[in-house]
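In my numbering, the protein residues as written are 446 to 865.
C-beta: ideal position from N, C-alpha, C; glycine also.
All of these numbers come straight from a predicted model, not from anything done at the bench.
Each remark here refers to the structure printed beneath this line.
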């Protein structure tokens, strides 16, 4: 009888319930077959009967069934799932994904019988006041907004020592998912999407909120083609001088899409930073590549500061000159040269989408340069768009090409004379 009790004690060590869950998750995710799992469980029991301290995860790694990295990810997922089950009023259905700062779950809100997404802050961050404060700021920032193209905030709170943020559940994909598969968006589709996000940003800007992290990963597209701006994790009120002082000199944003003033960590970041990032996102959609590419994040950010932008219509000849001008104005390194409001940007993008010239940005041209411009009431076709006058920043490039051509011709003539 004593021997049976000893064997039972070895077979039911603390944490065995978690190991049972570990095995189930590995099989569900096709990381292991049921036969491999049963074999590893038998090996665990054999080692424990011999007095050795063995775990299912350790044996599965030793036997080559899963890797150490896979074991780590599964355990991390299990921890997050257990955490989420403690949130009252919600039933967790599945794990949607995880980032560096949080794990997101699909859930059902019991009271209203609707699907929601719940972002949960990991325990290791829950004990850090700075991370907790940022987490709640995201929820409060999102709660200030109510727009069809912004993921709606529902609730933010704490349960069982864990902090959570409940938001609208959006069925669909991110723009990043499409770009990662090599998709290059045509001009019409890209403008349709970016126009929606520009309207979302206009709504936020009117309420004094700057997103500061506009990028493909933070833009979701529903099956009906509705674009939604997500993740207010870096959002800040434009007039929040205390936060601005605390963040001065630090670069907050994503390197591929960050504005020059964010790279410099300037105090007075405003809506024009979002316009720049939206322009970088549009650039990526219509060219299939980011505006600036380098080996390190620091190098990429340096290019945003110094490197001239190759116009998108020079990268993708199928694009109109109009969309090229809009993107160049959005991504001007000097923010005073960008659009003076999100509404002006929306007007120009809508015009280009209709085959017309971007009138708002061309307002920067002098009367002499505009004297030959005539606009009909009919939408211009691709050919008409190509005939419209170029922006000032394009003039310098044109002059450069002419000068180079003259120099080349002169050099060729001298060579011919020398040969004679």
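Using CA atoms only, rank isn't needed, just tell me which of the options is closest to residue i.
i, options, result
"residue 725", "655, 497, 736, 676", "736"
"residue 778", "751, 766, 796", "751"
"residue 486", "803, 631, 510, 533", "510"
"residue 556", "507, 722, 789, 533", "533"
"residue 648", "716, 630, 519", "716"
"residue 536", "553, 546, 734", "553"
"residue 757", "802, 628, 786, 773", "773"
"residue 626", "681, 734, 493", "734"
"residue 592", "613, 712, 578", "613"
"residue 713", "762, 732, 681, 508", "681"
"residue 516", "469, 492, 572", "469"
"residue 643", "542, 807, 723", "723"
"residue 786", "630, 720, 600", "720"
"residue 531", "514, 603, 473", "603"
"residue 675", "760, 641, 595, 628", "595"
"residue 597", "573, 665, 546", "665"
"residue 660", "476, 474, 753, 727", "727"
Leaving out five residues on either side along the sequence, give the residues of the same chain with a beta carbon under 7 Å from the beta carbon of residue i.
i, result
"residue 662", "619, 621"
"residue 616", "667, 668"
"residue 697", "657, 679, 707"
"residue 492", "499"
"residue 504", "485, 488, 489"
"residue 783", "717, 720, 721, 774, 775, 777"
"residue 542", "549"
What is the DSSP secondary structure of residue i, reduced to helix, strand or coil?
i, result
"residue 608", "strand"
"residue 645", "helix"
"residue 468", "helix"
"residue 804", "helix"
"residue 585", "helix"
"residue 743", "helix"
"residue 826", "Confidence at residue 826 is low in this model, with a pLDDT of 32, below 50, so its placement is unreliable and no value can be given for it."
"residue 764", "coil"
"residue 817", "In this prediction, residue 817 scores a pLDDT of 33, lower than 50, which makes its location untrustworthy; no coordinate-derived value is stated."
"residue 598", "strand"
"residue 481", "helix"
"residue 548", "strand"
"residue 429", "Absent from the model: residue 429. The displayed extent of the chain is 446 to 865, so no value can be given."
"residue 673", "strand"
"residue 778", "coil"
"residue 556", "coil"
"residue 562", "strand"
"residue 712", "coil"
"residue 771", "helix"
"residue 503", "helix"
"residue 898", "Because the chain here runs from 446 to 865, residue 898 falls outside it and cannot be looked at."
By Cβ distance below 8 Å, which residues in the same chain neighbour residue i in space, the five residues on each side in sequence not counted?
i, result
"residue 539", "550, 551"
"residue 463", "523"
"residue 742", "700"
"residue 512", "506"
"residue 812", "Confidence is the limiting factor: at residue 812 the pLDDT is only 38, short of 50, which leaves the residue's position unreliable and the question unanswerable from this model."
Using 8 Å for Cβ pairs, my map puts residue i next to residue j. What's the rounded Cβ distance?
i, j, result
"residue 624", "residue 729", "6 Å"
"residue 791", "residue 632", "Not a contact, Cβ separation roughly 16 Å."
"residue 519", "residue 501", "So it is not a contact: roughly 11 Å between Cβ atoms."
"residue 731", "residue 610", "The pair is not a contact, with the Cβ atoms about 33 Å apart (cut-off 8 Å)."
"residue 760", "residue 803", "18 Å between Cβ atoms; not a contact."
For chain D, is any of its Cβ atoms less than 7 Å away from the one on residue i?
i, result
"residue 567", "Absent from the structure: chain D. Only one protein chain is present."
Given residue i, which residues of its chain have a CB within under 6 Å of its CB, disregarding the five upstream and five downstream residues?
i, result
"residue 828", "Because the pLDDT at residue 828 is just 30, under 50, the model does not fix this residue reliably, and the point stays unresolved."
"residue 580", "566, 608"
"residue 677", "583, 586, 587"
"residue 646", "719, 787"
"residue 465", "none"
"residue 497", "none"
- Task: Evaluate contact between the segment 640-659 and the segment 556-568, counting only Cβ atoms and requiring at least three cross-stretch pairs below 8 Å.
- Result: no
- the segment 794-805 contacting the segment 626-640, beta-carbon criterion three pairs below 8 Å: yes
- Message: Below 8 Å, how does it come out for the segment 662-672 and the segment 703-715: are there three or more Cβ pairs, yes or no?
- Response: no
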